[in-house]
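2 protein chains.
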Amino acid sequence: MNAISTLAGIVGPRNCVTEDADIAPYAVDWRGSWHGRPAAVVKPASVDEVAGVVRAAGAAGLAIVPAGGRTGLAGAAVPTANGPPAIVLSLERLNRIRDVDARDFSLVAEAGCVVQTVQQAAAEAGRLFPIQWGAQGTAQIGGMLSTNAGGIRTLRWGNARELVLGLEVVLPDGRVLDDLRRVRKDNSGYALRHMFIGGEGTLGVITAAALRLVPALRRVESAYVAVPSPDAALGLFSRVMASGAEVIGFELCARFCMEMAARHGTGLRLPLPATAPWFVMVEIAAAHPSVPLREMLEEALAAAMEDGEVSDAVIAESEAQRAMIWKIREDYPDCARREGPAIGTDTAVPVSAVPAFVNAAEAELRARWPEGRMAAIGHAGDGNIHLSLHAPEGWTDRPAWLARAAEMEPMVNAIAVSLGGSFSAEHGIGQEKLDELAHYASPVEIATMQAVKRALDPQNIMNPGKIFRL
Amino acid sequence: MNAISTLAGIVGPRNCVTEDADIAPYAVDWRGSWHGRPAAVVKPASVDEVAGVVRAAGAAGLAIVPAGGRTGLAGAAVPTANGPPAIVLSLERLNRIRDVDARDFSLVAEAGCVVQTVQQAAAEAGRLFPIQWGAQGTAQIGGMLSTNAGGIRTLRWGNARELVLGLEVVLPDGRVLDDLRRVRKDNSGYALRHMFIGGEGTLGVITAAALRLVPALRRVESAYVAVPSPDAALGLFSRVMASGAEVIGFELCARFCMEMAARHGTGLRLPLPATAPWFVMVEIAAAHPSVPLREMLEEALAAAMEDGEVSDAVIAESEAQRAMIWKIREDYPDCARREGPAIGTDTAVPVSAVPAFVNAAEAELRARWPEGRMAAIGHAGDGNIHLSLHAPEGWTDRPAWLARAAEMEPMVNAIAVSLGGSFSAEHGIGQEKLDELAHYASPVEIATMQAVKRALDPQNIMNPGKIFRL
Chain H
1 MNAISTLAGI
11 VGPRNCVTED
21 ADIAPYAVDW
31 RGSWHGRPAA
41 VVKPASVDEV
51 AGVVRAAGAA
61 GLAIVPAGGR
71 TGLAGAAVPT
81 ANGPPAIVLS
91 LERLNRIRDV
101 DARDFSLVAE
111 AGCVVQTVQQ
121 AAAEAGRLFP
131 IQWGAQGTAQ
141 IGGMLSTNAG
151 GIRTLRWGNA
161 RELVLGLEVV
171 LPDGRVLDDL
181 RRVRKDNSGY
191 ALRHMFIGGE
201 GTLGVITAAA
211 LRLVPALRRV
221 ESAYVAVPSP
231 DAALGLFSRV
241 MASGAEVIGF
251 ELCARFCMEM
261 AARHGTGLRL
271 PLPATAPWFV
281 MVEIAAAHPS
291 VPLREMLEEA
301 LAAAMEDGEV
311 SDAVIAESEA
321 QRAMIWKIRE
331 DYPDCARREG
341 PAIGTDTAVP
351 VSAVPAFVNA
361 AEAELRARWP
371 EGRMAAIGHA
381 GDGNIHLSLH
391 APEGWTDRPA
401 WLARAAEMEP
411 MVNAIAVSLG
421 GSFSAEHGIG
431 QEKLDELAHY
441 ASPVEIATMQ
451 AVKRALDPQN
461 IMNPGKIFRL
Chain S
1001 MNAISTLAGI
1011 VGPRNCVTED
1021 ADIAPYAVDW
1031 RGSWHGRPAA
1041 VVKPASVDEV
1051 AGVVRAAGAA
1061 GLAIVPAGGR
1071 TGLAGAAVPT
1081 ANGPPAIVLS
1091 LERLNRIRDV
1101 DARDFSLVAE
1111 AGCVVQTVQQ
1121 AAAEAGRLFP
1131 IQWGAQGTAQ
1141 IGGMLSTNAG
1151 GIRTLRWGNA
1161 RELVLGLEVV
1171 LPDGRVLDDL
1181 RRVRKDNSGY
1191 ALRHMFIGGE
1201 GTLGVITAAA
1211 LRLVPALRRV
1221 ESAYVAVPSP
1231 DAALGLFSRV
1241 MASGAEVIGF
1251 ELCARFCMEM
1261 AARHGTGLRL
1271 PLPATAPWFV
1281 MVEIAAAHPS
1291 VPLREMLEEA
1301 LAAAMEDGEV
1311 SDAVIAESEA
1321 QRAMIWKIRE
1331 DYPDCARREG
1341 PAIGTDTAVP
1351 VSAVPAFVNA
1361 AEAELRARWP
1371 EGRMAAIGHA
1381 GDGNIHLSLH
1391 APEGWTDRPA
1401 WLARAAEMEP
1411 MVNAIAVSLG
1421 GSFSAEHGIG
1431 QEKLDELAHY
1441 ASPVEIATMQ
1451 AVKRALDPQN
1461 IMNPGKIFRL
């Protein structure tokens, strides 16, 4: 195929692969939900090569699917099964950290840098790159930005979007939009970068980003807390927030989730027996060493216990204990997978609506699938609870459960949206939630997004079939 | 004129004014630099009325210039002098605070709310709406967002953009884009709100916003510090930041600025004599009352003094002393105006480049206009220094000075841009800096902005002639 050899000419034959075995990892998402075979996987190593690949693919009528660490949960980095012929453009070789400036609290990284590598580079400069989530050891900066990744630190430092000072993007026609300024204030026309952040590769290819760093944390205190209800958990959250402590993590976990962690986890030990109905993992921090963090946390927990918001609590006494609390949270998804088939969701509601959301969902799911087991775990501090419905214990037939409880996700989404929330909090739309977006977004919103898409990618060659159909 | 009576029918005759006397305040910007007479000033009081006005104006071929508190410094809220017939759409009657939710740390305000009113509503709920700048008693939320306002707190909480959870916008065709969700995480398609924020009214009319609040501050400490050089000031800044203290203000002021403040200010008293070449106003804060803020500031200043970064310092001993420090800063622009004619700039550079920027500009200005007097004051903590060149003492002929030093602004802008900075940090482009944007932005950037503009406003009726010419 002529177009493929043109591409091979740009990146070198070794970096333009077409054999099934080489392509296989790029032809399926990491949960195995989405399959799509690209005509080739192309791995440019410079911005110029990316631009060349985009131009050549466009000229040949090949769609372009940008891919990073491919840890996304909505299928955005895999070609659509029935879409046009496509290449996967993998950014993995574009992986230099171009600059770290401690004084400016900034770092410039190429799209293929693994998130953890960036975190480490920041730490070496005495700074913190504060985004954090389970897949950070595999996920790459380009994917993090294209999906506007969230995670457990959002309540303190925002989503990935909030950590960007500037971007470098290859547009669908191969031109390079160089907006890598590291200034904190720049009001010179539209903030174009925000279209590519969270744009899931449909408007261009992010090739590098100037990222914002924050002061390194010098004190961290974590607690594992038993609470009687989501309402009590939110009471605790409000209390700690209003105290003025710097809350950097606040996870809410149903007992069933902690039971699964204990049952399937390797080397996990729960700090409290899984007897309370709900648990909270809370973490506060300070960049200055003189902040009396321990006292602040003890004080808040004692007052919460007095008011019935907390039934029991363990404050981590060592870094090992602290690491254990967060290992439970990080290993949870794997433990839940081992429990058996389940259907999951990714909703967010305003923080104050978390109790109403969880209670309503629990009631509706129990009424409809009394045999199911609801798991609820998530970033309560920013309203992002991941609800899922597990098959009864011992159930092994995954497709049968998915079919039986297929209505679970729309049901939960509807509750979230009715409470002013989102059906897609942190995972994005990809190819998974096109129908949901079409259903929940207003026609004006969809039409405006499509107008932007047509303006920037009139040929529709950038990741077609993702976010919406044109 | 038929279109005007249609508009009067939508908002009521009293709210559609056409008399010279009524229109005069809307026909000039507050510095008196830009004049443009609208055919009418239309004051809708609801989103529906805004939509009706936009549709009727569009149908009649009238351009629409949205206006808020009209404190902008780039002429965006005034019709262009030689532009198409236009109406000013003033949001002043759309001024309800729709919702304050302390538990969610959120507030929903209509575009016509005065910024200070929103700050007060947040304070009454025990929260902080952290943006702060001189014009906040007049500026409105819609204008704040359309210009992505900055101010003295940017280094801690970002620009106006970072404080937005959701927007309600009337599009150029009169449709309403309702994206007022208050969720912290929402990855459902493009983040359209970021096109309208900083869009200077060229893409639609912001009618309301869901805003992010933060915990109220319970401790604040301010100091007024004499420093030997911009380099020393930046050393102090790095030191305080790296200490982990929560720095919420860091202003750098040249001696000449403090001399003007002392000479022209009413009730201003400098905490230190204006003998040092440079001064810094630094403020650190904490939301938790147990943070030993005073000790943190004293420690940092003592170490800085030992290292020669600081020659003298006064820590405010009372709220009155603290207020005085910041009153000097807030009253400064008025004092500078009273000194006589001057040409100003609005640049930002990466923080680490502030000393190089100030030194280079000082040398070039002195060489070219030895008779001029350079003033430098600004938000050094985010790299945004406002340099200006004053005429010699006693000079009164403003046009003559502007003509003589006309090259000053481009000269300073070029230095900022050469250091990786911006020629338009916080004031925006409006009708003032079209040529600069055309000069400094890459053709790709301009073309991409114009593509977005054409996609959303194909008729070019929204604030034409601002940001760029089409």
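Which chain is which? The protein sequence lines are H and S, in order. Residue 115 in this note's numbering sits at position 115 of the first sequence; the count goes up by one each step and never skips. Adding 1000 to a residue's 1-based position in the second sequence gives its number in this note's numbering. All C-beta atoms, glycine included, are put in the ideal place defined by N, C-alpha and C. Computed from a prediction, not measured in an experiment: that's the story for all the values here.
- Query: DSSP on E168 (chain H), reduced to helix/strand/coil?
  - Reply: strand
Bridge-paired residues (DSSP) for A1254 (chain S):
S:W1278
Worksheet item: Hey, E168 (chain H) and L180 (chain H): beta-carbon distance below 8 Å or not?
Response: yes
**Message:** Could you check whether the Cβ of L1437 (chain S) sits closer than 8 Å to any Cβ belonging to chain H?
**Reply:** yes
Which residues in chain S sit within 8 Å of R218 (chain H), going by Cβ to Cβ distance? G1244
message = Quick check: what's the CA-CA separation for V17 (chain H) versus P79 (chain H)?
response = 15 Å
Measuring straight from C-alpha to C-alpha, what distance separates P355 (chain H) and G235 (chain H)?
10 Å
Just verifying my parser: in three-state terms, what is the DSSP assignment at T117 (chain H)?
helix
Candidates H:T6, H:M305, H:I152 and H:L165, of which the one nearest W326 (chain H) by Cα
H:I152
Quick one: which chain S residues come within Cβ less than 8 Å of N148 (chain H)?
-> N1187 and A1191
* Alpha carbon to alpha carbon, how far is M1408 (chain S) from V1417 (chain S)? Give it in angstroms, no decimals. => 14 Å
TODO: Pull up the distance between the alpha-carbon of L1145 (chain S) and that of C113 (chain H), whole angstroms please.
DONE: 33 Å
| Does the Cβ-Cβ distance between G473 (chain H) and I206 (chain H) come in under 8 Å? | An answer regarding residue 473 (chain H) cannot be provided, because it is not within the stretch 1 to 470 covered by chain H.
Identify every residue that forms a DSSP beta bridge with G1151 (chain S). S:Q1132
**Q.** DSSP three-state assignment for L387 (chain H), whether helix, strand or coil
**A.** strand
Check: How would you call R1337 (chain S), buried or exposed, if buried means at least 16 neighbouring beta carbons within 10 angstroms?
Finding: exposed
ask   = Who are the Cβ neighbours of E1330 (chain S) in its own chain at under 7 Å, not counting the five residues just before and after it?
value = G1134
Confirm, please, whether the CB-CB distance from Q1140 (chain S) to A1111 (chain S) is below 8 Å. yes
- request: Indicate whether R368 (chain H) and I248 (chain H) have their beta-carbon atoms separated by less than 8 Å.
  value: no
How would you label A1441 (chain S), buried or exposed, when you count the other beta carbons within 10 angstroms and need 16 or more for buried? buried
- request: Answer yes or no: does any C-beta atom of chain H fall closer than 8 Å to that of P1215 (chain S)?
  value: yes
key: Delimiting residues of the beta strand (DSSP E) encompassing P1289 (chain S)   = Premise fails: P1289 (chain S) is in no beta strand (DSSP E) and is neither H nor E.
| message | Counting C-beta neighbours from all protein chains within 10 Å, is the total for S1005 (chain S) 16 or more, i.e. buried, or is it exposed? | response | exposed
Please confirm whether V310 (chain H) has its beta-carbon closer than 8 Å to some beta-carbon of chain S. no
Candidates S:E1092, S:R1182, S:E1259 and S:M1449: which alpha carbon is nearest M1374 (chain S)'s? S:E1259
* To do: Tell me, please, whether the CB atom of V291 (chain H) is closer than 8 Å to any CB atom in chain S?
  => yes
Assigned secondary structure, L301 (chain H) (DSSP; H/G/I helix, E/B strand, else coil): helix
key: Outcome for S388 (chain H) when other beta-carbon atoms lying within 10 angstroms are tallied against a minimum of 16   = buried
### Message
With distance defined between alpha-carbon atoms, name the residue in S:G1158, S:S1318, S:G1267 and S:V1412 nearest to V1220 (chain S).
### Response
S:S1318
Inspect the beta-carbon positions of A1353 (chain S) and G1420 (chain S) and report whether they are closer than 8 Å. yes
(message) Is it buried or exposed, H1390 (chain S), if we count other Cβ atoms within 10 angstroms and call 16 or more buried?
(response) buried
Exercise. For the 8 Å Cβ check, are there 3 or more pairs between the region 425 to 438 of chain H and the region 196 to 212 of chain H?
Worked result: yes
Can you find the residues in the same chain that come closer than 8 Å, C-beta to C-beta, to M281 (chain H), ignoring five residues on each side of it along the sequence?
S222, A223, Y224, V225, G249, F250, E251, C253, I325, W326, I328 and R329
message = So, at 6 Å on beta carbons, what are the nonlocal neighbours of V1100 (chain S) in its own chain, with the 5 sequence-adjacent residues on each side left out?
response = L1107, A1121 and A1125
| said: I need the straight-line Cα distance from A1102 (chain S) to P1289 (chain S), nearest angstrom please. | reply: 19 Å
Do three or more CB pairs link the region 1239 to 1246 of chain S to the region 1075 to 1093 of chain S at distances below 8 Å?
no
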